[in-house]
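*Asks:* Chains as they are written, first to last, in my numbering: chain A, 1 to 187; chain B, 188 to 374; chain C, 375 to 629. In this text, a Cβ means the ideal position worked out from N, Cα and C, and glycines have one as well. Would you mind keeping the following structure in view while I ask a few things?
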Amino acid sequence: MQLESKIEAVLFFRNESTSIKKLSEILKVSKEEIGEALISLKQKYVDRGIVLIQKEDEVMLGTASEFGDLIEELQKEELNKDLSKASLETLSIILYKNGASRADIDYIRGVNSSFTLRALSVRGLVEKVSDENDSRRFIYKPTFELLSFLGVHSIEELPEYFETFNNLNKIKENIEEPAKEKDSNEI
Amino acid sequence: MQLESKIEAVLFFRNESTSIKKLSEILKVSKEEIGEALISLKQKYVDRGIVLIQKEDEVMLGTASEFGDLIEELQKEELNKDLSKASLETLSIILYKNGASRADIDYIRGVNSSFTLRALSVRGLVEKVSDENDSRRFIYKPTFELLSFLGVHSIEELPEYFETFNNLNKIKENIEEPAKEKDSNEI
Amino acid sequence: MENEILDGKFKVKTPVFEGPFGLLLRLIEERKLFINDVSLASVTEDYISYVNSIEDMPRDEIASFISIASTLILIKSKSLLPGLTLLEEEEKDIKNLEDRLKLYKLYSELAIYVKNNFGKNIIFPALESKKSVLVFLPDERITKENMMLLAQELINKIPKKVFLPKVEVKKVVSIEEMIDRLTERIHKSLNMNFKEFAGVGITKEEKVTVIVSFLAMLELVRVGVVHVIQENNFEDIIINKREEITEEVISVIEE
Chain A
1 MQLESKIEAV LFFRNESTSI KKLSEILKVS KEEIGEALIS LKQKYVDRGI VLIQKEDEVM
61 LGTASEFGDL IEELQKEELN KDLSKASLET LSIILYKNGA SRADIDYIRG VNSSFTLRAL
121 SVRGLVEKVS DENDSRRFIY KPTFELLSFL GVHSIEELPE YFETFNNLNK IKENIEEPAK
181 EKDSNEI
Chain B
188 MQLESKIEAV LFFRNESTSI KKLSEILKVS KEEIGEALIS LKQKYVDRGI VLIQKEDEVM
248 LGTASEFGDL IEELQKEELN KDLSKASLET LSIILYKNGA SRADIDYIRG VNSSFTLRAL
308 SVRGLVEKVS DENDSRRFIY KPTFELLSFL GVHSIEELPE YFETFNNLNK IKENIEEPAK
368 EKDSNEI
Chain C
375 MENEILDGKF KVKTPVFEGP FGLLLRLIEE RKLFINDVSL ASVTEDYISY VNSIEDMPRD
435 EIASFISIAS TLILIKSKSL LPGLTLLEEE EKDIKNLEDR LKLYKLYSEL AIYVKNNFGK
495 NIIFPALESK KSVLVFLPDE RITKENMMLL AQELINKIPK KVFLPKVEVK KVVSIEEMID
555 RLTERIHKSL NMNFKEFAGV GITKEEKVTV IVSFLAMLEL VRVGVVHVIQ ENNFEDIIIN
615 KREEITEEVI SVIEE
């Protein structure tokens, strides 16, 4: 009980995405306990004005998506809601693959995606991180900003998210992976 | 039900003390209705990490006082943390451009700078002011304290100021062009 | 769902800027076909004439169109000439093209969800707190010299204006070269000199005509309009009634 409230206080105060690891250090409990407390915290937020959004092992608080219009009116800074066709394609690959290298994206789109990726990074919709399996490679991942703009609490809430895995496996059975050469044009 | 959640979302988002009058304007309901909703909202916050604080006609969300020690620790940690390379980079742009919008900084760095700007603001190194030319835009400027810490009376005294200033301003033109071309053609 | 993305944007014969897969997918879907070697072969000519008509496209974009065009021509040649043996790499390119196209189709359909939801019901983080204690906490690394070095480092790191995709540029640089290469390639394996039949291409347009005529000729062979005798894979092809064929082929091309 207490733990949930502590997490809530920490997230509210920090006002930024916080990893489960960080929470477990601050609150001096195991990551498993944090994980359980987060589940019940999420349930408390059903039908409320505040929501908990989660991306892999990071969480943050935000306003409920159903009040998006209301809050948008209070927002002073201008929001850019335009996405080019190239951006939409690139985002859908990064979202539904939950992270993709530039080589992956170029391979699927058949065109060079450097500029699109840079533009999306600048807007904070994707971020470039080192590949866990190969530190010389980079992976572009969805950000909290992207999930927030889509109004989903986690990536799994995207329409057709799980179905896509099945469809992909069907295609993938005989697919050649793109050449794993180093991204020389990487920005 | 709905009204409570809306109030909650508005207070969470604004993150500052808000009058009942202001809430009634934003939500387009009477002050009495706001008052009633606040009473039931307060009950929801019993034993939680976030509390509703009311002082006369003003309300705001805050962290529960029983977690005061915890929050104090977080506050110390935030201030004592070393500035990241990203923060220092951002600071150099703000100095050499003599004030820059977040969009300008993002363009030059190729990534989103929200968090680094926050770290700089918290430490009193930069301040956010409204753009004189466009009230919907904000400009980050170096603080007086920062300039005197650097031992300069004005920005122009920074080493190689004019050359660097011009080069930084050129960057934006260079990057923007091809990105725009792509967007407009592909939509 | 699909129509939404198709509607307005991918209209037939509109010179819309789009990637090679967008174009291919559009050509296949216009014909209401599934993605496979047969449908890819059937859209090859349209694809090539589209690519040939593109002007004002950045070099790297053109390269990606041409790289796909050369794979398409191989698919087409293979479908018309079962005797044509392909290199391992060519076989791989063909197989990959189908799969890549299926993947592209999948993600471009999912992109509709992104488009429809983006910015509709936004979840907002809280604004920065204004009441935070005002302190001044500098860092010993904030010096005039460091600030200057960082700013200059950023200036030097900025990517150059034009990106050339290394891999694809290495493969093919222009449509002329691609066609020269393929002409040579198919010619060698069939031992047939179709230059005599379709003329020698010098300008880009002529070269495109050569390959398109060649493909058209093969098409005629397949449907039995023209009689071609090829005793063995690597022997000469004898085309009957050469004069008449040329006329027929030309009329096919003109249609």
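Mapping the DSSP letters down to three states, classify Q54/A as helix, strand or coil.
*Replies:* Three-state result, Q54/A: strand.
*Asks:* CA-CA distance, R201/B and S503/C?
*Replies:* Between R201/B and S503/C, the C-alpha separation is close to 8 Å.
*Asks:* Hey, does D183/A have any beta-carbon neighbour from chain C nearer than 7 Å?
*Replies:* Since pLDDT at D183/A reaches only 44, below the 50 mark, its modelled position is unreliable, and the value read off the structure follows with that caveat. It does not: the Cβ of D183/A has no partner Cβ on chain C nearer than 7 Å.
*Asks:* Classify I226/B: buried if its beta carbon has 16 or more other beta carbons within 10 angstroms, exposed otherwise.
*Replies:* Counting Cβ neighbours within 10 Å, I226/B comes out exposed, since fewer than 16 surround it.
*Asks:* According to a CB-to-CB cut-off of less than 7 Å, which residues of the segment 480-502 of chain C neighbour chain A?
*Replies:* Answer in chain order: L480, Y481, S482, L484, A485, Y487, V488, K489, N491, F492, G493, K494, N495, I496, I497, F498, P499 and A500.
*Asks:* Could you tell me the alpha carbon to alpha carbon distance between G286/B and K229/B, rounded to whole angstroms?
*Replies:* The alpha-carbon atoms of G286/B and K229/B are separated by roughly 42 Å.
*Asks:* For H153/A, does the count of other Cβ atoms within 10 angstroms reach 16, so buried, or fall short, so exposed?
*Replies:* Counting Cβ neighbours within 10 Å, H153/A comes out buried, since at least 16 surround it.
*Asks:* Would you be able to state if there are at least three C-beta pairs under 8 Å between the segment 394-402 of chain C and the segment 470-480 of chain C?
*Replies:* They touch, by the three-pair rule.
*Asks:* Mind checking D134/A: buried by the 16 CB within 10 Å criterion, or exposed?
*Replies:* D134/A comes out exposed.
*Asks:* Is there a Cβ from chain B that is less than 7 Å from the Cβ of T248/A?
*Replies:* Any property of residue 248/A remains undetermined from this structure, which presents chain A solely from 1 to 187.
*Asks:* Below 7 Å CB to CB, which residues in the same chain sit around Y424/C once its five sequence neighbours on both sides are set aside?
*Replies:* Within the same chain, Y424/C has close Cβ partners L397.
*Asks:* Round the Cβ separation of G49/A and A37/A to the nearest angstrom and send it over; I've been treating them as touching at under 8 Å.
*Replies:* Not quite, the Cβ-Cβ distance comes to about 21 Å (not below 8 Å), so this is no contact.
*Asks:* Residues of the segment 388-416 of chain C in Cβ contact with chain A at a cutoff of 7 Å, in chain order, please.
*Replies:* Hits within the stretch, in order: G393, P394 and F395.
*Asks:* Taking Cβ-Cβ distances shorter than 7 Å, what residues in chain A pair up with Y297/B?
*Replies:* The question names Tyr, yet the displayed sequence has Gly at residue 297/B. Residues of chain A passing the Cβ test: R118, S121, V122 and I187.
*Asks:* Assign E191/B to one of two classes, buried (16 or more other C-beta atoms within 10 Å of its C-beta) or exposed (fewer than that).
*Replies:* Per the 10 Å Cβ criterion, buried.
*Asks:* Per the contact definition of three or more C-beta pairs closer than 8 Å, is the segment 8-22 of chain A in contact with the segment 96-112 of chain A?
*Replies:* At 8 Å Cβ cutoff, the stretches do not touch.
*Asks:* Consult DSSP for L61/A and reduce its assignment to one of helix, strand or coil.
*Replies:* Residue state, collapsed to three classes: strand.
*Asks:* Starting from V10/A, trace the alpha helix (DSSP H) in both directions and tell me its first and last residue.
*Replies:* Looking at the DSSP string, the run of the alpha helix (DSSP H) that includes V10/A is Q2 to R14.
*Asks:* Can you check whether the C-beta of T188/A is within less than 7 Å of a C-beta belonging to chain B?
*Replies:* With chain A covering 1 to 187 only, the question about residue 188/A has no answer from this structure.
*Asks:* What is the residue span of the alpha helix (DSSP H) that I529/C lies within?
*Replies:* Run containing I529/C: K518 to K531, per the alpha helix (DSSP H) assignment.
*Asks:* What are the boundary residues of the alpha helix (DSSP H) that includes Y481/C?
*Replies:* Run containing Y481/C: E462 to N491, per the alpha helix (DSSP H) assignment.
*Asks:* If you measure from the beta carbon of A525/C to each beta carbon in chain B, is any gap under 7 Å?
*Replies:* Yes, contact with chain B.
*Asks:* Taking 7 Å as the cut-off, decide whether the C-beta atoms of L524/C and L275/B are in contact.
*Replies:* Cβ distance < 7 Å, so L524/C and L275/B count as in contact.
*Asks:* My output table needs one value for A306/B: the three-state DSSP class, helix, strand or coil.
*Replies:* Helix, per DSSP.
*Asks:* Excluding the 5 residues preceding and the 5 following I105/A in the sequence, name in chain order all residues of the same chain whose CB lies nearer than 8 Å to its CB.
*Replies:* The residues are T90, I93, I94, S113, L117 and Y140.
*Asks:* Near E195/B, what residues of its chain come up, given a Cβ to Cβ distance below 7 Å and the 5 sequence neighbours on each side ignored?
*Replies:* Answer for E195/B: L228, listed in chain order.
*Asks:* Do I295/B and I342/B have their beta-carbon atoms positioned less than 7 Å apart in this structure?
*Replies:* Cβ distance not < 7 Å, so I342/B and I295/B don't count as in contact.
*Asks:* Under 8 Å Cβ to Cβ from V10/A, same chain only, skipping five residues before and after it: list those, please.
*Replies:* The answer, listed in chain order, is T18, L23, I26 and L27.
*Asks:* Just to confirm, are I449/C and D411/C a CB contact at a threshold of 7 Å?
*Replies:* Result yes, Cβ atoms of I449/C and D411/C sit closer than 7 Å.
*Asks:* Considering only their Cβ atoms, is the gap separating F498/C from I71/A smaller than 7 Å?
*Replies:* Cβ distance < 7 Å, so I71/A and F498/C count as in contact.
*Asks:* Can you tell me which residues form a DSSP beta bridge with E134/B?
*Replies:* In the structure as shown, chain B begins at 188 and stops at 374. Residue 134/B is therefore absent and cannot be evaluated.
*Asks:* If you drop the 5 nearest sequence neighbours on each side, which residues of the same chain put their C-beta closer than 8 Å to that of V238/B?
*Replies:* Hits under 8 Å: Y232, L248, G249, T250, A251 and S252.
*Asks:* Buried or exposed: where does E435/C fall if 16 or more other Cβ atoms within 10 Å of its Cβ makes it buried?
*Replies:* Buried, since its Cβ has 16 or more Cβ neighbours within 10 Å.
*Asks:* In chain A, which residues lie with their C-beta within 7 Å of the C-beta of E212/B?
*Replies:* None at all; the shortest Cβ gap to chain A is about 11 Å.
*Asks:* Whose Cβ in chain C lies nearer than 8 Å to the Cβ of L83/A?
*Replies:* The contacting residues are V488, K489 and F492.
*Asks:* My parser needs the alpha helix (DSSP H) runs of 4 or more residues fully inside the segment 252-282 of chain B; what are they?
*Replies:* Entirely contained in the segment 252-282 of chain B, the alpha helix (DSSP H) runs reaching 4 residues are, in chain order, 255-267.
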